[in-house]
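Take the sequence shown: its position 276, counted from the start at 1, is 276 in full-length UniProt numbering, and no numbers get skipped. No residue lacks a Cβ here, since even glycine has one placed at the ideal position from N, Cα and C.
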Amino acid sequence: MQRLLVTGGAGFIGSNFVHHVVGSTDAHVTVLDKLTYAGNRASLADLPSDRVELVEGDIADAALVDELFADVDAVVHYAAESHNDNSLHDPSPFLHSNIIGTYTLLEAARRHDRRFHHISTDEVYGDLELDDSNRFTETTPYNPSSPYSATKAGSDLLVRAWVRSFGVRATISNCSNNYGPYQHVEKFIPRQITNILRGIRPKLYGAGRNVRDWIHAEDHSSAVLAILERGRIGETYLIGADGEKDNRTVVEMILTRMGLPADAYDHVTDRAGHDLRYAIDSTKLREELGWRPRYADFEAGLAATIDWYRDNEEWWAPAKDATESFYASKGQ
């Protein structure tokens, strides 16, 4: 697989994957990205132009997608509308990108017989109780709770149907919450870091008891590449790094790491339908493919992430004011 197409490769998780591929293989990467507010050319700017090509376009544009599929060996599908708060405000873009876009890509994979890997989320499984010792597995029933997670669940089911009905050579991965470089400042961890860098008190939804299973984007990338290269066609793999932390703990870790009192944050109105707990069991991925996370220590990964945002204000500053203005209008 020397020629890869990466959809959404100018977004947060996609751009980290492109960096990982360039650094660990000799493959050429074509990035297809609509360059909405969540996509950023600057996230790919330091990569060699003879290895990475950026095409601006919509994954639901069938003619463009067909043209690009003709020239690649495999496709990794990251492109998605992904922010829960935005899906509650306006669900329609989530239907367009996550359902129609995925359908368009699958039809191209079917026509061209291309290897296809679909990136999904643990949010399709709904949530777990805070005192539940169980974790999500590949057989956990789907129970999405927001327009975002519902459309991602729908896209997963489309992939499974195209594998069974049409023989598309596809795999799926469902990953826990990512953090790391190039993440938009609307997201939880970079919002808190950049607030502190701007002298603004961090914001915590409700009591901050909601638990997320954090994984560094570099570890997500290495797992996806392992699945693309060695995963069994038709299989789903869960990606996680055993990084369960409640939101309050994460905020307090960030504050402490940045030299401020651990309680120097404000509580704001909780998100509607806010899931309680996510937790991933990645046993299948680890045992079948031998994958292990580099950032098994969440605190070390968080420290590296704080350093990146401190050193790259020119990357995140243009979006910061508009993001905080939007949250302020909602009392968050």
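What is the DSSP secondary structure of residue i, counted as helix, strand or coil?
i, result
"SER176", "coil"
"THR140", "coil"
"ARG212", "strand"
"ARG286", "helix"
"LYS187", "coil"
"ASP33", "strand"
"GLU63", "The sequence shown places Ala at residue 63, rather than the Glu named in the question. Helix, per DSSP."
"ASP156", "helix"
Can you tell me the Cα-Cα spacing of residue i and residue j, whole angstroms?
i, j, result
"LEU68", "ASP131", "47 angstroms"
"SER15", "GLY206", "31 angstroms"
"SER43", "SER221", "15 angstroms"
"SER24", "ASN174", "22 angstroms"
"ALA296", "ALA241", "6 angstroms"
"TYR238", "VAL224", "Checking the sequence shown, residue 238 turns out to be Leu, not Tyr. So the two alpha carbons sit approximately 10 angstroms from each other."
"LEU197", "TYR265", "13 angstroms"
"PRO141", "SER49", "43 angstroms"
"LEU289", "PHE326", "42 angstroms"
"ARG232", "ARG164", "14 angstroms"
"ARG212", "TYR278", "5 angstroms"
"LEU64", "GLY9", "16 angstroms"
"GLU107", "ILE254", "44 angstroms"
"HIS28", "VAL76", "13 angstroms"
"ASP90", "ALA60", "19 angstroms"
Of all Cβ atoms in chain C, is any one closer than 7 angstroms to the Cβ of residue i?
i, result
"GLU56", "As a matter of chain content, chain C is missing from the structure shown, which is built from one protein chain."
For residue i, I'd like the list of residues in its chain whose CB is within less than 7 angstroms of its CB, leaving aside the five on either flank, ordered along the chain.
i, result
"HIS112", "PHE69, ALA70"
"GLN332", "LYS203, VAL268, THR269"
So, under 8 angstroms CB-CB, residue i and residue j are touching, yes? Tell me the CB distance rounded to an integer number of Å.
i, j, result
"residue 333", "ALA170", "Here the chain has residues from 1 to 332 only, and residue 333 is not among them."
"SER97", "ILE172", "With a Cβ gap of about 17 angstroms, SER97 and ILE172 do not count as contacting."
To which residues of the same chain is residue i closer than 6 angstroms at the C-beta, ignoring the five residues directly before and after it?
i, result
"PHE136", "ASP122, TYR125, ILE280"
"ARG271", "TYR205"
"GLU56", "LEU35"
"GLU252", "ALA262"
Which residues in the same chain as residue i place their Cβ atom closer than 8 angstroms to its Cβ, once the five residues preceding and following it in sequence are excluded?
i, result
"HIS274", "TYR205, GLY206, ASN210"
Would the C-beta of residue i count as close to the ligand GDP, meaning under 6 angstroms from any of its heavy atoms?
i, result
"LEU105", "Absence of the ligand GDP from the depicted structure is noted, as is the absence of any ligand whatsoever, leaving it without description."
message: Which complete beta strand (DSSP E) runs does the region 211-263 hold, if anything under 3 residues is left out?
response: Within the region 211-263, complete beta strand (DSSP E) segments of at least 3 residues are found at 211-213, 236-239, 244-246, given in chain order.
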